[in-house]
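One structure below.
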Amino acid sequence: MTSAIGIDPVQLLKALIARPSVTPETAGVLDLLDDALVGLGFTVTRLRFEGDGSYPVDNLFAIRGTGGRRLLFGGHTDVVPPGDLADWTADPFTPREADGKLYGRGAADMKSGVAAFVAATAAIPAQAGTIMLAITNDEEADGINGTAKLMEWAEAQGHGFDFAIVGEPSSAATLGDSIKIGRRGSLSGLVTVEGVQGHVAYPDKASNPLPVLAAIVTALSSERIDGGTAHFPASNLEVTSIDVGNPTGNVIPAKGAIKFNIRYNDNWTPETLADWVRERIASVDAGAIKVRFDVAGMPSRSFLSPVSADVDILGDAIAAVTGQRPGLSTGGGTSDARFIAQYGPVVECGLVGPSMHKADEHVLISDVTGLTAIYTEFMNRFFGETPS
Numbered sequence: 001m002t003s004a005i006g007i008d009p010v011q012l013l014k015a016l017i018a019r020p021s022v023t024p025e026t027a028g029v030l031d032l033l034d035d036a037l038v039g040l041g042f043t044v045t046r047l048r049f050e051g052d053g054s055y056p057v058d059n060l061f062a063i064r065g066t067g068g069r070r071l072l073f074g075g076h077t078d079v080v081p082p083g084d085l086a087d088w089t090a091d092p093f094t095p096r097e098a099d100g101k102l103y104g105r106g107a108a109d110m111k112s113g114v115a116a117f118v119a120a121t122a123a124i125p126a127q128a129g130t131i132m133l134a135i136t137n138d139e140e141a142d143g144i145n146g147t148a149k150l151m152e153w154a155e156a157q158g159h160g161f162d163f164a165i166v167g168e169p170s171s172a173a174t175l176g177d178s179i180k181i182g183r184r185g186s187l188s189g190l191v192t193v194e195g196v197q198g199h200v201a202y203p204d205k206a207s208n209p210l211p212v213l214a215a216i217v218t219a220l221s222s223e224r225i226d227g228g229t230a231h232f233p234a235s236n237l238e239v240t241s242i243d244v245g246n247p248t249g250n251v252i253p254a255k256g257a258i259k260f261n262i263r264y265n266d267n268w269t270p271e272t273l274a275d276w277v278r279e280r281i282a283s284v285d286a287g288a289i290k291v292r293f294d295v296a297g298m299p300s301r302s303f304l305s306p307v308s309a310d311v312d313i314l315g316d317a318i319a320a321v322t323g324q325r326p327g328l329s330t331g332g333g334t335s336d337a338r339f340i341a342q343y344g345p346v347v348e349c350g351l352v353g354p355s356m357h358k359a360d361e362h363v364l365i366s367d368v369t370g371l372t373a374i375y376t377e378f379m380n381r382f383f384g385e386t387p388s
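So for the sequence shown, the UniProt record's numbering puts the first residue at 1; every next one is plus one.
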């Protein structure tokens, strides 16, 4: 995995793909990075977090340098399951090159980002400043014992940072055409209604919860949540399931349930948005029907990093490598950047990712080396310039 700069990012990516690190199994992937980073002069700490209703997760924190500006790279080594192997041209965990592309599970999301920023650090003198890496093996599933706890630990150890980059796929069509300066939040909810079961011929002896259920669906989806903000579109609620579990046509069901998800902008927090949901539900006259609302799972907070001098430096670095400045985006789903954003400014800068989570997941080999060049150019500018 050595090259003129110390680490060949493509060879490192191949080695990472060959470790089938489906959440939360590491399959040796962190051992591989541990060895590489120690060889580059990093002090590596391995941390296992567990509890809070989730499985144990192995994480890695590495640091090199003690002074100057402080830069954090964040990423994950876990991957989603490959699915039906018959849909793959070859073994998803045997890296394969073809037509200038590298195939394998995790190639796009996001072992390429990890390989690129590890390789890029090899080109930066240790005395330039402080570089930190926060790598988890639990981003694709629960996300409970991964980056959130890793960042909490890092803060307790005094490992603050001036700027952070998460290597998630952020480019839309070509390398570097877009970076993400924020993400919408995500809140999922479950509303249950409970009446009294009975025969449809004797409605006076039952209490049908379905009219209330329908009214709640209307109340939740008929009113616009907000009009959007400077960097985000309007928040949006989508009802994803209406379930009464009733296969019989002559029975009034006893219960019903609604599932929904809200993707929301920086006008809201999970707490204020949950209050908005409760207000909408309370606007429905439920009568004797019992109504209950629960937030499902762990909400993802929205975040927006300031468009700062460091964002400009990153744009300059991308333009120097690709010839074009990136657009600033807040689109897409959620990522672990939401946890890092609680401690300092963070952006996402990575490869083009349409194949992520699909069979025959792949990246352009030239993009892997290009991303490494972007990170290297950025660090040279970041450590060499003092933002005003």
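By construction, the Cβ of each residue, glycine as well, lies at the ideal position given by its N, Cα and C atoms.
- The three-state secondary structure of residue 109, taken from DSSP, is helix.
- By the 16-neighbour rule on beta-carbons within 10 angstroms, residue 354 is exposed.
- Straight across, the Cα-Cα distance linking residue 28 with residue 198 is about 58 angstroms.
- Taking each of 377, 367, 146, 165 in turn and checking the Cα distance to residue 112, the smallest one comes out for 367.
- Taking 9 angstroms as the cut-off, the beta carbon of residue 64 is found closer than this to the beta carbon of residue 42.
- Counting C-beta pairs with one atom in each stretch, the segment 82 to 102 and the segment 37 to 55 have fewer than three that are closer than 8 angstroms, which means they do not touch.
- Distances from the alpha-carbon of residue 193 to those of 215, 183, 181 put 215 closest.
- Leaving aside the five residues that flank residue 362 on each side, the residues in its chain whose CB is nearer than 8 angstroms to its CB run, in chain order, 101, 102, 103, 104, 107, 108, 355.
- Taking residue 238 as the centre and dropping the five residues before and after it, the same chain places the C-beta of 261 closer than 6 angstroms to its C-beta, in chain order.
- Residue pairing from DSSP places residue 59 in a beta bridge opposite 47, 136.
- If you draw a straight line from the Cα of residue 310 to the Cα of residue 130, it comes to about 15 angstroms.
- Within a 10 Å sphere around the beta-carbon of residue 59 sit 16 or more other beta-carbons, which makes this residue buried.
- Cβ atoms of residue 209 and residue 256 come within 8 angstroms of each other, at about 5 angstroms.
- In terms of Cβ geometry, residue 75 and residue 110 form a close pair [threshold 9 angstroms].
- Spanning the alpha carbons of residue 243 and residue 291 requires a straight line of approximately 15 angstroms.
- Boundaries of the alpha helix (DSSP H) around residue 315: 309 to 322.
- Counting C-beta pairs closer than 8 angstroms gives fewer than three between the segment 115 to 122 and the segment 169 to 186, which falls short of the contact rule.
- Taking a C-beta distance under 9 angstroms as the contact criterion, residue 259 and residue 188 qualify as a contact pair.
- When the Cα atoms are used, residue 200 and residue 264 turn out to be separated by approximately 41 angstroms.
- Counting the other Cβ atoms within 10 Å of the Cβ of residue 12 gives 16 or more, which makes it buried.
- Taking C-beta separations shorter than 6 angstroms and ignoring five residues to either side along the sequence, the partners of residue 286 in its chain run 212, following chain order.
- Looking at 317, 364, 55, the one whose alpha-carbon comes closest to that of residue 381 is 317.
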